[in-house]
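Peer 1: For the protein sequence lines, the chains are A and B, in the order given. Mapped onto numbering that gives the first Met the number 0, the consecutive letters of the first sequence carry residue numbers 0 to 109. Mapped onto numbering that gives the first Met the number 0, the consecutive letters of the second sequence carry residue numbers 0 to 109. Just so it is clear, CB atoms sit at the ideal spot from N, CA and C, and this is done for glycine as well. This is the structure, below, for whatever I ask next.
Protein chains: 2
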Amino acid sequence: MTIDKSLLAGSTALLVLKLLESGDKYGYQMVEELRRRSDQTFELKSGTLYPLLHSLEQKGYIEAWEEDVGTARPRRYYHLTDSGRRQLAEKEDEWRTYAGAMFRVLEGGA
Amino acid sequence: MTIDKSLLAGSTALLVLKLLESGDKYGYQMVEELRRRSDQTFELKSGTLYPLLHSLEQKGYIEAWEEDVGTARPRRYYHLTDSGRRQLAEKEDEWRTYAGAMFRVLEGGA
DNA sequence: ATATAATATATCGACCATCTACTTATGTCA
DNA sequence: TGACATAAGTAGATGGTCGATATATTATAT
Chain A
0 MTIDKSLLAG STALLVLKLL ESGDKYGYQM VEELRRRSDQ TFELKSGTLY PLLHSLEQKG
60 YIEAWEEDVG TARPRRYYHL TDSGRRQLAE KEDEWRTYAG AMFRVLEGGA
Chain B
0 MTIDKSLLAG STALLVLKLL ESGDKYGYQM VEELRRRSDQ TFELKSGTLY PLLHSLEQKG
60 YIEAWEEDVG TARPRRYYHL TDSGRRQLAE KEDEWRTYAG AMFRVLEGGA
């Protein structure tokens, strides 16, 4: 099933921060890992990811370092900062609150 | 906790259709019921709801009828059509797929 | 030999959905 | 009198995603 793009809005930053929790990664790698970990549900587009990475870097949640990989275009690895780790915890909490409320409404909650 | 507005994007249409599943309702009533059923998590703004209702009506998912309630502005009740009911089932499936994928990523899924 | 796909990062304009702020109008309570 | 709840609505701003496009190298297939 293909999910509507607007459903993803607001979750992408959380997903990216979550991916970086388990170690430094570069953009292309995040797209692949996210697709794998979500069973093909999330197909992050490069036009979404790269601007997002830049904005997360500007906010100080992630830091970039480059790997000189010979002649090819160097990989830009991203590292989760302490501030980013706090932001991740907050966003994760927020998402669980949102999902909980959605379930309550969908289950015909009080 | 206040959730980010962009998290709600893509869920509002589903929520509105869901509310109408249990009976015809008017706009203001939906805002209230949604707030109640979500334990104050969802605060649908009128600037979001009314245009959304109009677009759902145009797509044939809901139908409006007016209640003449004396001198005050008449209430516009909305009714879920058969087409809307099918759309609701689809959107609900889609959301569960999305939420499932989110959980898998958040639980550090393989 | 040549074309295509995969790897890898990036920008730009279009699009869509929500929000804030504002408008109109009545009834109620202090 | 003034504020708040009820009730529906519009306009403009904002923010996030996408499609298209660009660039460059390597691997695979024809």
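Give a yes or no on whether the minimum CB-CB distance between residue 118 of chain A and chain B is below 7 Å.
Peer 2: Outside the shown range of chain A (0 to 109) lies residue 118 of chain A, about which nothing can therefore be said.
Peer 1: Do you know how far the Cα of residue 17 of chain B is from the Cα of residue 102 of chain A?
Peer 2: 11 Å
Peer 1: Using DSSP's beta-bridge definition, name the partner residues of residue 75 of chain A.
Peer 2: A:65
Peer 1: I need the DSSP call for residue 60 of chain B, collapsed to helix, strand or coil.
Peer 2: coil
Peer 1: What is the C-beta distance between residue 19 of chain A and residue 33 of chain A, in whole angstroms, given that I count them as a contact (C-beta under 8 Å)?
Peer 2: In fact, because the Cβ distance is near 11 Å, the residues do not count as touching under 8 Å.
Peer 1: Give the interface partners of residue 101 of chain A over in chain B, defined as CB-CB distance under 9 Å, in chain order.
Peer 2: 10, 13, 14, 37, 40, 41, 94, 98
Peer 1: To the nearest angstrom, report how far apart residue 36 of chain B and residue 10 of chain B are at their CA atoms.
Peer 2: 15 Å
Peer 1: From residue 14 of chain A to residue 65 of chain B, what distance separates their C-alpha atoms?
Peer 2: 44 Å
Peer 1: Measuring alpha carbon to alpha carbon, tell me which residue in B:47, B:50, B:80, B:93 is nearest residue 59 of chain B.
Peer 2: B:80
Peer 1: Residue 51 of chain B to residue 57 of chain B, Cα distance in whole Å?
Peer 2: 10 Å
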